[in-house]
Amino acid sequence: MIFNSLTFVVFFAIVLGVWQLPLAWRSRKLFLLVASYIFYAAWNPPFVILLWISTVVDWWAAQAMVKSERPLTRRAWMLASLVANLGMLGFFKYGQFLLDNFILLAGSIGIHYQPAQFAIVLPVGISFYTFATLSYTLDVYLRRAKPAKSFLDYALFVTFFPHLVAGPIMRPTELVPQFEQPKRANKSMLLFGLALITLGLFQKVVLADGFLGPVAEKVYDAHKGVPMALDAWVATFAFAGQIFCDFAGYSTTAIGVALCLGFAMPDNFRFPYAAVGFSDFWRRWHITLSSWLRDYLYIPLGGNRHGEGRTYMALMGTMLLGGLWHGANWTFVAWGGLHGTYLAVERLIKARFAGFVPGPALVAGIGALTFLLINVTWVFFRAKDFTVASNILRSMGGMAVKPIAMIAALPMIYAMVIVAGIVTTHWVMRDKTLELVVERTPAWIVGVVWSVMALAIVAEQGTGSAFIYFQF
Amino acid sequence: MPSSTSSSEERGVLHHEGALPAGLRLTASDRPGEAQPVPTRDIPKQPWGKLAFAVAVTLLIGTSLLEWNARRIGLRAGDLDNSETDWANERALSAGAPVAIVGDSRILFDTDLNRFEQLTGVRPIQLAIHGTSALTLLQDVAANPDFKGLLIVGLSDTMFFQPFDGYGGYIHKRAQYESPAKRASAQIDHFLQRRLAYLDSNHRLSVVAARLDPNYRRGLDGPYDDVWKVQEVGERRETHMWSQVETNPLVQAHARYAWKGFKEDYPFTPQMIAGGIAKAVKAVATIRARGGEVVFVRPPSDVHLRVNEEAQVPKVKGWDALLRATGAVGVHNDDLPPQAQNLTMPEWSHLNRACAPVFTDAYVRALARLTPRITLVANAPAPLGRVDCIAAQIASKS
């Protein structure tokens, strides 16, 4: 089920109610485990089996790695975990993509291959829980972490419903220890958790789905014509706002939900549209994914320890695979490739101007340029194919032939005001935490903001649309 | 200092690990290549109990105002909206059903399911979707091996032959709307909609805000050009015209404007019509092959629209050719008896609520004469005519 659904409201009310009962800690954890399976099964019950397979395989692989001191055996178990997890991910997420590309490739050399049609349904959140469970076996293999003492705690780490389907991608060392001691939120935690849920749902239901998504759709899903430059830019800015509000909204809601139960989840966003440069952006955007890719892909590929050439290769390889992680489409690979290029160029410039400290005006200028160039990457992320992407990029560059207006005035104004608000907020808060700002704000303002957001959610009603990142 | 969920209670908003500026918190991005510790989550010091109470009171007052306003503008509790999941639920129920209806909004609005049931003893499954080609839905039923009953295809000529699915294209992603979570949400949604009038997708905050734009920007179809609320949906997708379209001149005028005369901005070429007929022939043959049957119904449209529809898809080239090619029987509004003609269509495209039973009565009786799949029950009520819906309108106004 999704957070912005009435089913979740009922589900969460029941979970919270039972969680407060004076039951033994083990019983409460068992309840949370069952509730998490119900949460996942509410999409498609049979896919719970995949979750079980992933859980059991990685539990046994980690146990076997601990029992053996032989490097070869440890590596074999680590590889078994990789094959099982990435095999499932590959089949369900990339099976059709690989097949389609094979058919195209075969066709290009004159072989007309027509395989039987098979529809693969993508299990929700498979990319997220696969990465979470892989981090468990990899951390144990790399001796960064000890395996969980209890299977229940480990299963709960994999399945814990707030992070199960769209992150934040948690590491075992972040969550498993929290299951070792009884947890129950006190009044402040519970109510601040509810405030975070309100903020997250406001971002998702009101801003992303209500005001920004439709503006992006008008251009990116247009059935005819190419957009004017203004429309192309506004739609892309709107999507930049939408993807942030959608995903950061999910993460904030997840953090709030966990907090209501007494658990802590890590930050997943740190005001990314105030980034100055692309390495800064990736320290602020989808932090748990970027750090996962850094720790388990970029560093093992050599990182920056084997010369410049190897560093650039590792960088580009990581970003290309990171792009593919988002979806089985070449547009996502292009998105990752563009980010890899940005990071490489930034690294070159930093090396060339080592020691140079920019002034405030230049920092603001670099920040603005970063934001604009990030928006160019969003074109590939949002466009369903390269034809749409190239049409929009041409329009953004003022090179479209017979462009037409696509976005009405008021929706355009709403979107731009919201996006400007997001970017301004990010700059104001770039070196702060939300909690710090809330603490320093007068209570009556906090109350008004919380009330307005809650009322806006009620007035928007919501259509129960899925979060964009679920498809990843 | 406020509490934290991390291991150290004395850590608060202002005191953090490492040499960070006040208020910053380390994340995984700051700790490359190492095991990540249990995260820190700070709880800002605020009177959370009082704030939560204030928010609850504001929500209560705000929701009451929304509800008051909704009823003021003519929305009513019990209007269940028309969701994809509701359609998917009905589609699942069509397996083994004796009669189902597909088509666009005309057959959706103009069929009174109660009248249908009174006449035949059978309550049809309503699968029509507004803004959708009946051909798309006919093909969907053909692809459903569990449907072996009578399929009534209600069509408007241009929409049937249009080269795209229309609004109901979501039926191709039906599985998304059949999950246990979606079904449960629909049930809860209906529970609330039976009690609250303001829960209406046509009056969401963002939708209302967008419609404040009276086409400021020239040269494009803005939110003002969209079709606004024209329907009320009851249980099991029983759909009628929204009362405000019948009585509120502004709402009615906008609805008429939104149809834009049913003039499409693409030509209906002979190839396009032939292609549509070919697909229909195939779908009808598929349904017949497993024991089902298909009939066509053409509900009325006002002369303001009819003249344009006829100009784009002439009856002889569309409707007549379709019946001939499929070998199916059909009931065209033009062929109904005079007492079922010239019914009230406030916005030119659909019958008002009172006249829907009259049209239903007329086409069901006509179908009963054309196909053995429809039989009138022995105690079927007497035929209805135009006077009945006018009388019903007068009665409802008084």
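Which chain is which? The protein sequence lines are E and W, in order. Here the first sequence is numbered in our numbering, starting from 1 and rising by one per residue. Here the second sequence is numbered in our numbering, starting from 1001 and rising by one per residue. Ideal Cβ positions, reconstructed from N, Cα and C, are used throughout, including at glycine.
Would you tell me roughly how many angstroms separate the C-alpha atoms of residue i and residue j, rounded to the nearest one?
| i | j | result |
| --- | --- | --- |
| E/A454 | E/W444 | 15 Å |
| E/L138 | E/L259 | 27 Å |
| E/F202 | E/W19 | 26 Å |
| E/Q178 | W/T1040 | 12 Å |
| E/S36 | E/H163 | 10 Å |
| E/N329 | W/F1296 | 42 Å |
| W/Q1193 | E/V66 | 56 Å |
| E/V226 | W/G1219 | 14 Å |
| E/G87 | E/I126 | 11 Å |
| E/R394 | W/H1172 | 32 Å |
| E/G167 | E/S390 | 31 Å |
| E/W282 | E/G213 | 23 Å |
| W/V1227 | E/R352 | 58 Å |
| E/L99 | E/F356 | 50 Å |
| W/A1274 | W/L1075 | 43 Å |
| E/G101 | E/Q114 | For clarity, residue 101 of chain E is Asn in the given sequence; the question names Gly instead. Using only the alpha carbons, I get a separation of about 12 Å. |
Please state whether DSSP places residue i in a helix, a strand or coil.
| i | result |
| --- | --- |
| E/V9 | helix |
| W/P1338 | helix |
| E/R440 | helix |
| W/A1100 | strand |
| W/F1268 | coil |
| W/Q1231 | strand |
| W/L1384 | coil |
| E/Y172 | It is Pro, not Tyr, that sits at residue 172 of chain E in the sequence shown. In this structure, E/P172 counts as helix in the three-state DSSP scheme. |
| E/M228 | coil |
| W/D999 | This structure cannot speak to residue 999 of chain W, because chain W is shown only from 1001 to 1398. |
| E/G554 | Limits of chain E in this structure are 1 at one end and 472 at the other, which puts residue 554 of chain E out of reach. |
| W/Q1393 | helix |
| W/Q1126 | strand |
| W/F1296 | strand |
| W/L1250 | helix |
| W/L1024 | coil |
Cβ of residue i versus every heavy atom of the ligand HEM: is any distance shorter than 7 Å?
| i | result |
| --- | --- |
| E/V165 | In the structure on display, the ligand HEM does not appear, and there are no ligands present to speak of. |
Could you pull out every residue in the same chain whose Cβ sits closer than 6 Å to the Cβ of residue i, ignoring the five residues on either side in sequence?
| i | result |
| --- | --- |
| W/Q1312 | T1158 and F1268 |
| W/A1380 | L1119 |
| W/G1222 | D1213 and N1215 |
| E/G398 | A229 |
| E/V448 | none |
| E/G17 | none |
| E/T252 | L196, L199 and G200 |
| E/H426 | F271, Y273 and A274 |
Which residues in the same chain have their Cβ closer than 7 Å to the Cβ of residue i, if we skip the five residues on either side of it in sequence?
| i | result |
| --- | --- |
| W/F1160 | S1133, A1134, L1135 and G1276 |
| E/L175 | F157 and F160 |
| W/P1299 | R1106, I1107, D1110, G1154, N1333 and F1359 |
| E/V446 | V438 |
| W/L1384 | P1357, V1358 and D1361 |
| W/R1290 | P1145 and K1148 |
| E/W255 | It should be pointed out that residue 255 of chain E corresponds to Ile in this sequence rather than to Trp. These residues qualify, in order along the chain: L196 and M265. |
| W/Y1167 | I1129, H1130, G1131 and T1132 |
| E/A145 | D139, P172 and T173 |
| W/L1305 | W1259, G1261, F1262, W1348 and S1349 |
| E/A42 | M1 and T7 |
By Cβ distance, which residues of its chain are closer than 8 Å to residue i, with the 5 residues on each side in sequence left out?
| i | result |
| --- | --- |
| E/F91 | I120 |
Please check the pair residue i and residue j, which I expect to be a contact at CB under 8 Å, by giving their CB distance rounded to whole angstroms.
| i | j | result |
| --- | --- | --- |
| W/D1042 | E/E69 | That pair is no contact at about 42 Å. |
| E/I287 | E/R305 | Their Cβ separation, rounded to whole angstroms, is 23 Å, which puts E/I287 and E/R305 out of contact at 8 Å. |
| W/A1100 | W/I1125 | 4 Å |
| E/G335 | E/T377 | Reading off the sequence shown, one finds Trp at residue 335 of chain E, where the question assumed Gly. At roughly 5 Å, the Cβ-Cβ gap stays under 8 Å, so E/W335 and E/T377 are in contact. |
Starting from the Cα of residue i, find the closest Cα among the options and give me that residue.
| i | options | result |
| --- | --- | --- |
| E/M316 | E/G327, E/V333 and E/S36 | E/V333 |
| W/T1063 | W/R1204, W/L1024 and W/A1092 | W/R1204 |
| E/F128 | E/V165, E/P22 and E/L297 | E/V165 |
| E/A80 | E/D58, E/D100, E/P71 and E/S5 | E/D58 |
| W/D1335 | W/L1322, W/L1367 and W/L1151 | W/L1367 |
| E/A476 | E/L98, E/P168, E/A248 and E/L51 | This structure gives no information on residue 476 of chain E, because the portion of chain E shown stretches from 1 to 472. |
| E/V379 | E/A238, E/F102 and E/A84 | E/A238 |
| W/A1392 | W/Q1139, W/R1353 and W/Y1363 | W/R1353 |
| W/C1389 | W/R1115, W/D1086 and W/S1185 | W/R1115 |
| W/L1095 | W/V1141, W/R1071 and W/P1372 | The amino acid at residue 1095 of chain W is misidentified as Leu; the sequence shows Ala. For the residues W/V1141, W/R1071 and W/P1372, the minimum Cα distance to W/A1095 belongs to W/V1141. |
| W/V1345 | W/L1127, W/S1301, W/P1270 and W/G1169 | First, the residue type needs correcting, since residue 1345 of chain W is Met and not Val in the sequence shown. That would be W/S1301, whose Cα lies nearest to the Cα of W/M1345. |
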